[in-house]
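I have placed the structure first, in the form of structure tokens, so that the comments after it can refer back to it.
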Amino acid sequence: MFGEVTGEGKNNTEKKNLIDLVRLGIFMKDSLDNISRKTGVNRIFGWQVIVTKWTGYMMTLISPGIYVMVDTGSVDLPRSFEVCNTFLSGLDTLFAFQHMKKQ
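According to the numbering used here, the residues represented by the sequence shown are 1207 to 1309, in order.
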């Protein structure tokens, strides 16, 4: 599992975040090639956090040279105890991500 984290600040722009997502996809693809060659596994997971929004991704090698990267869901992470209810309501998404990882 691989990830990318972007905090608050003036460097947190949509363009920068999209470039980071492309870089994450390239890193996942290269890692999947390496893992697939060694173990035969054809699926890898990654994630991106932008300030407090966590998004999970799954990449699958469906045939030689053909990769599919899918957004598996997003969860808003809490900034404080006062907003934990929002986070707890999004835990279903995290559990779905865990379930997909096991398959």
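Idealized CB from N, CA, C, for every residue including glycine.
Tell me, please, which residues DSSP counts as bridged to residue i.
i: Ile1256; result: Thr1212 and Lys1259
i: Leu1267; result: Tyr1273
For residue i, name the three-state secondary structure that DSSP assigns.
i: Arg1243; result: helix
i: Gly1279; result: strand
i: Lys1249; result: Contrary to the premise, residue 1249 reads as Arg rather than Lys in this sequence. The answer is strand: DSSP assigns Arg1249 an E or B state.
i: Met1234; result: helix
i: Arg1229; result: helix
i: Asn1291; result: helix
i: Asn1223; result: helix
Pull up the CB-CB distance for residue i and residue j, whole angstroms please, since I reckon it's below 8 Å.
i: Glu1214; j: Gln1254; result: About 15 Å; that fails the 8 Å criterion.
Given a cut-off of 7 Å on the beta-carbon distance, is the pair residue i and residue j in contact?
i: Val1276; j: Met1264; result: yes
i: Arg1285; j: Thr1261; result: no
i: Ile1250; j: Ser1237; result: yes
i: Thr1383; j: Ile1256; result: It is not possible to answer for residue 1383, since the shown part of the chain is limited to 1207 through 1309.
Does any residue of chain D have a CB that is nearer than 7 Å to the CB of residue i?
i: Asn1248; result: Reference to chain D is not applicable here, since this structure consists of a single protein chain.
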